[in-house]
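Asker: Residue numbers (the working numbering), protein chains in the order written: chain A, 36 to 161; chain B, 36 to 161; chain C, 36 to 161; chain D, 36 to 161. The beta-carbon is built from N, C-alpha and C at its ideal position, and this holds for glycine as well. Fair warning: this is a prediction, and the values are worked out from it, not measured in the lab.
Number of protein chains: 4
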Amino acid sequence: MIVLDYSDTRPIYEQIVDKFQTYILKGVLKPDTQLMSVRNLAMELSINPNTIQKAYAELERQGFIYTIKGRGNFVRYDRRLLEIKKRELIEKIKDILAEAEELNISKEELLSEAGQKATEGDLGND
Amino acid sequence: MIVLDYSDTRPIYEQIVDKFQTYILKGVLKPDTQLMSVRNLAMELSINPNTIQKAYAELERQGFIYTIKGRGNFVRYDRRLLEIKKRELIEKIKDILAEAEELNISKEELLSEAGQKATEGDLGND
Amino acid sequence: MIVLDYSDTRPIYEQIVDKFQTYILKGVLKPDTQLMSVRNLAMELSINPNTIQKAYAELERQGFIYTIKGRGNFVRYDRRLLEIKKRELIEKIKDILAEAEELNISKEELLSEAGQKATEGDLGND
Amino acid sequence: MIVLDYSDTRPIYEQIVDKFQTYILKGVLKPDTQLMSVRNLAMELSINPNTIQKAYAELERQGFIYTIKGRGNFVRYDRRLLEIKKRELIEKIKDILAEAEELNISKEELLSEAGQKATEGDLGND
DNA sequence: GTGGTCTAGACCACA
DNA sequence: GTGGTCTAGACCACA
Numbered sequence: 036m037i038v039l040d041y042s043d044t045r046p047i048y049e050q051i052v053d054k055f056q057t058y059i060l061k062g063v064l065k066p067d068t069q070l071m072s073v074r075n076l077a078m079e080l081s082i083n084p085n086t087i088q089k090a091y092a093e094l095e096r097q098g099f100i101y102t103i104k105g106r107g108n109f110v111r112y113d114r115r116l117l118e119i120k121k122r123e124l125i126e127k128i129k130d131i132l133a134e135a136e137e138l139n140i141s142k143e144e145l146l147s148e149a150g151q152k153a154t155e156g157d158l159g160n161d
Numbered sequence: 036m037i038v039l040d041y042s043d044t045r046p047i048y049e050q051i052v053d054k055f056q057t058y059i060l061k062g063v064l065k066p067d068t069q070l071m072s073v074r075n076l077a078m079e080l081s082i083n084p085n086t087i088q089k090a091y092a093e094l095e096r097q098g099f100i101y102t103i104k105g106r107g108n109f110v111r112y113d114r115r116l117l118e119i120k121k122r123e124l125i126e127k128i129k130d131i132l133a134e135a136e137e138l139n140i141s142k143e144e145l146l147s148e149a150g151q152k153a154t155e156g157d158l159g160n161d
Numbered sequence: 036m037i038v039l040d041y042s043d044t045r046p047i048y049e050q051i052v053d054k055f056q057t058y059i060l061k062g063v064l065k066p067d068t069q070l071m072s073v074r075n076l077a078m079e080l081s082i083n084p085n086t087i088q089k090a091y092a093e094l095e096r097q098g099f100i101y102t103i104k105g106r107g108n109f110v111r112y113d114r115r116l117l118e119i120k121k122r123e124l125i126e127k128i129k130d131i132l133a134e135a136e137e138l139n140i141s142k143e144e145l146l147s148e149a150g151q152k153a154t155e156g157d158l159g160n161d
Numbered sequence: 036m037i038v039l040d041y042s043d044t045r046p047i048y049e050q051i052v053d054k055f056q057t058y059i060l061k062g063v064l065k066p067d068t069q070l071m072s073v074r075n076l077a078m079e080l081s082i083n084p085n086t087i088q089k090a091y092a093e094l095e096r097q098g099f100i101y102t103i104k105g106r107g108n109f110v111r112y113d114r115r116l117l118e119i120k121k122r123e124l125i126e127k128i129k130d131i132l133a134e135a136e137e138l139n140i141s142k143e144e145l146l147s148e149a150g151q152k153a154t155e156g157d158l159g160n161d
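1) Might you give, ordered along the chain, the residues of its own chain that have their beta carbon closer than 6 Å to the beta carbon of D:Thr68, omitting 5 neighbours on each side?
2) Classify B:Gly156: buried if its beta carbon has 16 or more other beta carbons within 10 angstroms, exposed otherwise.
3) Mind checking who A:Ile140 pairs with in its DSSP beta bridge?
4) Would you tell me roughly how many angstroms separate the C-alpha atoms of C:Arg45 and C:Ala90, rounded to the nearest one?
5) A:Ile128 and B:Ala1 - do their beta-carbons sit closer together than 8 Å?
6) By Cβ distance, which residues of its chain are closer than 7 Å to C:Thr112, with the 5 residues on each side in sequence left out?
7) Measuring only between beta-carbons, confirm whether C:Tyr101 sits less than 8 Å from chain A.
8) If you follow the alpha helix (DSSP H) that C:Val52 is part of, which residue opens it and which one closes it?
9) In chain order, what residues of the same chain have a beta carbon less than 8 Å from the beta carbon of D:Phe99, not counting five sequence neighbours either side?
10) Under 8 Å by Cβ, that's how I've got A:Ile51 and A:Ile103 pegged, so tell me the actual separation to the nearest angstrom.
11) Who are the near neighbours of A:Leu132 in its chain, counting only those whose CB is closer than 6 Å to its CB and skipping five residues on each side?
12) Please tell me whether A:Ser72 and C:Tyr101 are closer than 8 Å, where the distance is taken between their beta carbons.
13) In chain D, what lies closer than 7 Å to C:Glu134 by C-beta?
14) Please state whether the Cβ-Cβ distance between A:Leu70 and A:Gly107 is less than 8 Å.
15) Leaving out the 5 sequence neighbours to the left and right, which residues in its chain are closer than 8 Å to A:Glu134 when beta-carbon positions are compared?
16) On the CB-based measure, 16 or more other CB atoms within 10 Å of its CB, does A:Ile125 come out buried or exposed?
17) Mapping the DSSP letters down to three states, classify C:Thr86 as helix, strand or coil.
18) Can you pull out the residues from the region 36 to 61 of chain D whose beta carbon lies closer than 8 Å to at least one beta carbon of chain B?
19) May I ask you to report which of helix, strand or coil DSSP gives A:Tyr101?
20) Out of curiosity, what's the CA-to-CA distance linking A:Leu94 and A:Ile47?
21) Please state whether DSSP places B:Val38 in a helix, a strand or coil.
22) What residues of chain D sit near B:Lys129, judged by a beta carbon separation below 8 Å?
23) Pop quiz: C:Leu146 and D:Leu146 are said to be a contact at Cβ under 8 Å. What is the actual Cβ separation, rounded to whole angstroms?
24) Please check if any C-beta of chain A sits within less than 8 Å of the C-beta of B:Lys171.
25) Measure how close the beta-carbons of B:Glu136 and A:Lys61 come, nearest whole angstrom, since I'm counting them as under 8 Å.
26) Can you pull the DSSP bridge partners for A:Val110?
27) Just to confirm the assignment, what range does the alpha helix (DSSP H) spanning A:Leu165 have?
28) Less than 6 Å between C-beta atoms, sequence neighbours within five positions excluded: which residues of the same chain meet that for C:Asp53?
29) In angstroms, rounded to a whole number, what distance separates the CA positions of D:Gln140 and C:Leu64?
30) Taking A:Glu49 as the reference, which of A:Lys120, A:Glu118 and A:Ala92 has the closest Cα?
31) Hey, how far is the Cα of B:Gln169 from the Cα of B:Glu118?
32) Note down, in chain order, every chain D residue with its Cβ under 7 Å from the Cβ of B:Lys104.
33) Check whether the Cβ of A:Leu145 lies closer than 8 Å to any Cβ atom in chain B.
34) CB-CB under 8 Å to A:Asp40, same chain, minus the five flanking residues each way: which ones, in chain order?
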């Protein structure tokens, strides 16, 4: 379910946070489902438990999961999370457009090229 | 001309690289203009010369400047650099759109909201 | 495994880069093998960790290794690297031949003399 | 007659040494011809006189020119210089072949590819 | 433990 | 003066 990409420059814990965010937002992980324990997931991914711990802590901070001491971590689905995520994505695009504008790159051209390619399905992740 | 943001999580040398990239791409720094010397810029920014050295080395590697030992660093403007930058921005937007798609967020809505806000000018932080 | 030559005019970090390139291309270092840590190699060679850091960063940039923060550096073998190296060697020979041509030195004679001697095995310094 | 290439990574004085070596070996500069004065050549090339000084000193050390104090620098052509140059070029090729051998790159293939391309006249200098 | 950044300061080649 | 390398050592994020 979780596959790490070591050629990705992002830290491992961040990749894990991202994966869980997506699964929760998409509904693949249903509300109140229990997540794998820190120890088990660490073993499965062959990484340091501290890394999973850090990822779960971050997910809890963001409101994606809740922790019950001694029992484990559970999905806390909240419709507002999707809205927040959407806002984030919009902000990111705005930042990119602002940068383009500063370099006198046509915003329309940029968006149309990005949109076209995106639709064609070659949305590679570097 | 260069202002460091210590609250920025990015390393100092990277901020410097970014600033010069922008100035060169925008044409604020004309081709063959000499950059401030490593030592002088370090003094002006109150940071260590090694940090400037690292930034300049990176800029040279990326083709934004050329270095003549014993003389200094000079702007090497190359139209292709702007094209490369544009490609990068497009890729970034594509990645964001891909993420949106995975979460079933409407691409059109995303782009229109980002575009509108961007036009209204409430973008820049930095 | 790595021996520094202080009489060599090339910088230390470059010698280290070269050695690793060769070991990786020859297959002495297998893909996904972990390299010695920055600190340990620095201690073994009695040089500063920053110098190893610089060498490893360059190797990563060139695609010979990949780095996982907090874990270490690993060999990323890629058949294309050998092809690139071959191209480089060919280019160097071409440059030499061009220089010979300009001085009206017979190319054939040059190559045959170089080839003979090379076969006789009186080549290696280093 | 002398054109500096700032995109060349070699130091300026070395480029100058190379140019003079070639002109002298080719006979473009005849024996006992006087070279431009340090000061004049420096002005013509818009570089520091120290640089010309260093280049001339190196040429004298190698036996390509001789200096008469108060009068100037003069070409000292010596047939043996061409032979020495040839030896140098052979040594360089031998080193490259040795490197190729270590990487199990076929020497014959390398030489034939370098030779072919060289003959076709696309002997670019990087 | 492991890599990445940064400082303070020295020394060298080159111009 | 100008860039390039290197040391000694600190501090941080990540695993």
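Answerer: Short version:
1) In the fourth sequence, residue 68 of chain D corresponds to position 33, counting from 1. The answer, listed in chain order, is Val110.
2) Taking the first residue of the second sequence as 1, we reach residue 156 of chain B at position 121. Because B:Gly156 sits at a pLDDT of 45, beneath the cut-off of 50, its placement in the model cannot be relied upon, and the point is left open.
3) For the purposes of this step, residue 140 of chain A is identified with residue 105 of the first sequence, where counting begins at 1. In the DSSP assignment, A:Ile140 forms no beta bridge with any residue.
4) To locate residue 45 of chain C, count along the third sequence from 1; it is residue 10. To locate residue 90 of chain C, count along the third sequence from 1; it is residue 55. Looking at the two C-alpha atoms, the distance is approximately 13 Å.
5) Missing from the structure shown is residue 1 of chain B; chain B here goes from 36 to 161 and no further.
6) Mapped onto the third sequence, residue 112 of chain C falls at position 77. The amino acid at residue 112 of chain C is misidentified as Thr; the sequence shows Tyr. Once the five neighbours on either side are set aside, the close Cβ partners of C:Tyr112 are Ile59 and Pro66.
7) Here residue 101 of chain C corresponds to residue number 66 of the third sequence, with the count starting at 1. Yes, C:Tyr101 counts as interfacial toward chain A.
8) Taking the first residue of the third sequence as 1, we reach residue 52 of chain C at position 17. Run containing C:Val52: Ile47 to Lys61, per the alpha helix (DSSP H) assignment.
9) To locate residue 99 of chain D, count along the fourth sequence from 1; it is residue 64. Only Phe55, Gln56, Ile59, Val110, Arg111 and Leu116 meet the Cβ criterion.
10) Sequence index remark: in the first sequence, residue 51 of chain A carries index 16 (1-based). Sequence index remark: in the first sequence, residue 103 of chain A carries index 68 (1-based). That belief does not hold up - the Cβ atoms of A:Ile51 and A:Ile103 are roughly 20 Å apart, past 8 Å.
11) Position 97 of the first sequence, counted from the first residue, corresponds to residue 132 of chain A. Hits under 6 Å: Lys142.
12) Position 37 of the first sequence, counted from the first residue, corresponds to residue 72 of chain A. Position 66 of the third sequence, counted from the first residue, corresponds to residue 101 of chain C. Contact: no.
13) Along the third sequence, read from residue 1 onward, the residue named residue 134 of chain C stands at position 99. Going along chain D in sequence order, the residues near C:Glu134 (Cβ under 7 Å) are Leu124.
14) Sequence index remark: in the first sequence, residue 70 of chain A carries index 35 (1-based). Sequence index remark: in the first sequence, residue 107 of chain A carries index 72 (1-based). Judged by their CB atoms, A:Leu70 and A:Gly107 are nearer to each other than the 8 Å cut-off.
15) Walking along the first sequence from the start, residue 134 of chain A turns up at place 99. None.
16) Numbered from its first residue, the first sequence carries residue 125 of chain A at position 90. Under a 10 Å Cβ-count criterion, A:Ile125 is classified as buried, with 16 or more other Cβ atoms of the shown protein chains found around its own Cβ.
17) One-based indexing of the third sequence puts residue 86 of chain C at position 51. Reduced to three states, the DSSP call for C:Thr86 is helix.
18) Tyr41, Ser42, Pro46 and Ile47
19) Indexing the first sequence from 1 puts residue 101 of chain A at position 66. Correct three-state label for A:Tyr101: strand.
20) Translated into the one-based positions of the first sequence, residue 94 of chain A becomes position 59. Translated into the one-based positions of the first sequence, residue 47 of chain A becomes position 12. Those two C-alpha atoms are separated by around 14 Å.
21) Within the second sequence, numbered from 1, the residue matching residue 38 of chain B stands at position 3. The answer is coil: DSSP assigns B:Val38 none of H, G, I, E or B.
22) Within the second sequence, residue 129 of chain B is the residue found at index 94, counting from 1. Those do not exist, as B:Lys129 stays about 34 Å from chain D at its closest Cβ, beyond 8 Å.
23) Position 111 of the third sequence, counted from the first residue, corresponds to residue 146 of chain C. Position 111 of the fourth sequence, counted from the first residue, corresponds to residue 146 of chain D. Yes, they are in contact, since the Cβ atoms of C:Leu146 and D:Leu146 sit about 6 Å apart, within 8 Å.
24) The structure shown does not extend to residue 171 of chain B, since chain B spans only 36 to 161, so no value can be given for it.
25) Start at 1 with the first residue of the second sequence, and residue 136 of chain B comes out as number 101. Start at 1 with the first residue of the first sequence, and residue 61 of chain A comes out as number 26. B:Glu136 to A:Lys61, Cβ: 11 Å. No contact.
26) Position 75 of the first sequence, counted from the start, is the residue given in the question as residue 110 of chain A. Residue pairing from DSSP places A:Val110 in a beta bridge opposite A:Ile100.
27) For chain A, the structure presents residues 36 to 161; residue 165 of chain A sits outside this window and is missing.
28) Counting from one through the third sequence, the residue named residue 53 of chain C turns up at place 18. Counting only Cβ-Cβ distances below 6 Å, and skipping sequence neighbours, we find nothing.
29) Looking up residue 140 of chain D in the fourth sequence gives position 105. Looking up residue 64 of chain C in the third sequence gives position 29. It should be pointed out that residue 140 of chain D corresponds to Ile in this sequence rather than to Gln. For D:Ile140 and C:Leu64, the distance between alpha carbons rounds to 18 Å.
30) On the first sequence, residue 49 of chain A is found 14 positions in, with the first residue counted as 1. Of the candidates A:Lys120, A:Glu118 and A:Ala92, the one whose C-alpha sits nearest the C-alpha of A:Glu49 is A:Ala92.
31) Within the shown structure, residues of chain B are numbered from 36 to 161, placing residue 169 of chain B beyond reach of any answer.
32) For the purposes of this step, residue 104 of chain B is taken as the residue at position 69 of the second sequence. What B:Lys104 touches in chain D: Pro46.
33) Translated into positions along the first sequence, residue 145 of chain A becomes position 110. It does; some Cβ of chain B falls within 8 Å.
34) Locating residue 40 of chain A in the first sequence gives position 5, where the first residue counts as 1. If we look at A:Asp40 and ignore the five residues flanking it on each side, its Cβ neighbours are Gln50.
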